[in-house]
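Enquirer: Position in the sequence shown (first residue = 1) + 76 = my numbering.
The C-beta atom is built at its ideal place from N, Cα and C for all residues, glycine as well.
Mind looking over this structure? Questions follow.
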Amino acid sequence: MPLSADFKSIHYKNWEVYFSQCYPNGAIKLPELANILQLTAAEHADLGGVGFDDLSKYDQSWVMNRMRIEIGELPNFSQEIEVKTWIEELKGFKSTRNFEVSREGKKLLGISSLWAIFNMKLRRPDALQFDTSYVEQFPDIHATEIANQRVDLSFEVSEIFEQTVQFSDLDIVNHVNNTKYLEWCINYIDPMLILGNKIKAIDLNFIKELSLGEAITIQKGVFDNKIGFKISKGEQICFACVFEIEK
Numbered sequence: 077m078p079l080s081a082d083f084k085s086i087h088y089k090n091w092e093v094y095f096s097q098c099y100p101n102g103a104i105k106l107p108e109l110a111n112i113l114q115l116t117a118a119e120h121a122d123l124g125g126v127g128f129d130d131l132s133k134y135d136q137s138w139v140m141n142r143m144r145i146e147i148g149e150l151p152n153f154s155q156e157i158e159v160k161t162w163i164e165e166l167k168g169f170k171s172t173r174n175f176e177v178s179r180e181g182k183k184l185l186g187i188s189s190l191w192a193i194f195n196m197k198l199r200r201p202d203a204l205q206f207d208t209s210y211v212e213q214f215p216d217i218h219a220t221e222i223a224n225q226r227v228d229l230s231f232e233v234s235e236i237f238e239q240t241v242q243f244s245d246l247d248i249v250n251h252v253n254n255t256k257y258l259e260w261c262i263n264y265i266d267p268m269l270i271l272g273n274k275i276k277a278i279d280l281n282f283i284k285e286l287s288l289g290e291a292i293t294i295q296k297g298v299f300d301n302k303i304g305f306k307i308s309k310g311e312q313i314c315f316a317c318v319f320e321i322e323k
């Protein structure tokens, strides 16, 4: 759709946390938080004329490449939160987008993410097909202490789990939705680390897409104050993440 009169380069969206989005302690589930961030980004992109409908005309879509979430406090059931998002850099087929989640003026979380334009027919990165010079970029305004970063894949693995990609894992781009990778890994973490708000940061790398019916292995390793995961299809690592645990 064309550029909306409501478009601003810094976008704000209010959300209420519902009971179905929460862990047993009332805190928002991490995959639900990630979904809210993406819905906010999607609304911002739609208003700016670079949303899903705009890109689909060129068989393209935004896909997430990397994300870093720094957690001060997780929102709880029935609380209203504000998500603020802006573009740090938009260049070629990649965009760095930042988020801040706050409640009543207090910052709860900071997020740095890297997105890429993905050609849905060719199944590979692609160049944006239209002008975005009207989008103001904020290279000096950061939401996190450490920017989104590549996960070091060399950590030693101590546990391996196997599963198969299910239909419910897929999204509109016909591959595993990025929140599912996070959900899969969380299933192999001690719940008390989450319920006790001991996870202070998460780095996520989306390396290769996964499709329906594919057999995968989830490899887990514990090192320093971190828990790392690698998700592989055969010899190919498709996803990696590291949870930083409070010391």
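Buried or exposed, going by whether 16 or more other CB atoms sit within 10 Å of the CB of Thr-51?
Expert: As shown, the chain starts at 77 and ends at 323. That puts residue 51 outside it, with no answer to give.
Enquirer: Check whether the segment 148-156 and the segment 92-108 are in contact - that is, three or more C-beta pairs closer than 8 Å.
Expert: With the cut-off at 8 Å, the segment 148-156 and the segment 92-108 touch.
Enquirer: Ignore the nearest five residues each way along the sequence and tell me which others in Ala-219's own chain have a CB closer than 7 Å to its CB.
Expert: Here the set comprises Asn-174, Phe-175, Glu-176, Gly-186, Ile-187, Ser-188.
Enquirer: Count the CB pairs spanning the segment 191-209 and the segment 126-141 that are closer than 8 Å, and state whether there are at least three.
Expert: A contact exists between the segment 191-209 and the segment 126-141.
Enquirer: Have a look at Asp-130 and Ser-234 and give me their C-alpha separation to the nearest angstrom.
Expert: Answer to the nearest angstrom: the Cα atoms are 45 Å apart.
Enquirer: Rounded to whole angstroms, what is the Cα-Cα separation between Asp-228 and Phe-315?
Expert: Near 12 Å, if we compare the C-alpha coordinates of Phe-315 and Asp-228.
Enquirer: If I measure Cβ to Cβ from Cys-317 and keep anything under 8 Å in the same chain, skipping five residues before and after, which residues do I get?
Expert: So the list reads Val-227, Tyr-257, Leu-258, Cys-261, Ile-278, Asp-279, Leu-280, Asn-281, Gly-304, Phe-305, once near-sequence residues are dropped.
Enquirer: What residue from Phe-194, Asn-254, Lys-183, Asn-263 has the CA that sits closest to Glu-327's CA?
Expert: Past the edges of the chain, shown from 77 to 323, lies residue 327, and the structure says nothing about it.
Enquirer: Could you tell me which residues DSSP puts in a beta bridge with Ser-185?
Expert: Note that residue 185 corresponds to Leu in the displayed sequence, not to Ser. For Leu-185, which the question treats as bridged, DSSP gives the partners Ile-147, Val-177.
Enquirer: Could you give the DSSP three-state label for Gln-213: helix, strand or coil?
Expert: Correct three-state label for Gln-213: coil.
Enquirer: Go through its chain and collect everything with a Cβ distance to Gln-225's Cβ below 8 Å, but skip five positions before and after it.
Expert: The residues are Arg-142, Arg-144, Asp-279.
Enquirer: Please state the DSSP three-state secondary structure of Gln-205.
Expert: Reduced to three states, the DSSP call for Gln-205 is coil.
Enquirer: How many Å lie between Arg-179 and Lys-160 at the Cα?
Expert: Spanning the two alpha carbons is a distance of roughly 11 Å.
Enquirer: Can you give me the C-alpha to C-alpha distance between Lys-183 and Gly-148, rounded to a whole angstrom?
Expert: Rounded to whole angstroms, Lys-183 to Gly-148 spans 8 Å at the Cα level.
Enquirer: Hey, would you say Ile-307 sits closer than 7 Å to Ile-292, going by beta carbons?
Expert: Yes, Cβ-Cβ distance for Ile-307 and Ile-292 is below 7 Å.
Enquirer: What did DSSP end up calling Ala-103 once you bin it into helix, strand or coil?
Expert: Strand at Ala-103.
Enquirer: What residues in its chain sit with their C-beta under 7 Å from that of Gln-213, if we drop five residues either side in the sequence?
Expert: Once the five neighbours on either side are set aside, the close Cβ partners of Gln-213 are Ile-163, Glu-164, Glu-165, Leu-166.
Enquirer: For Glu-320 versus Lys-276, is the C-beta spacing smaller than 7 Å?
Expert: Taking 7 Å as the Cβ cut-off, Glu-320 and Lys-276 qualify as a contacting pair.
Enquirer: Whole angstroms is fine: what's the gap from Tyr-88's alpha carbon to Gly-297's?
Expert: The straight-line gap from Cα to Cα measures roughly 37 Å.
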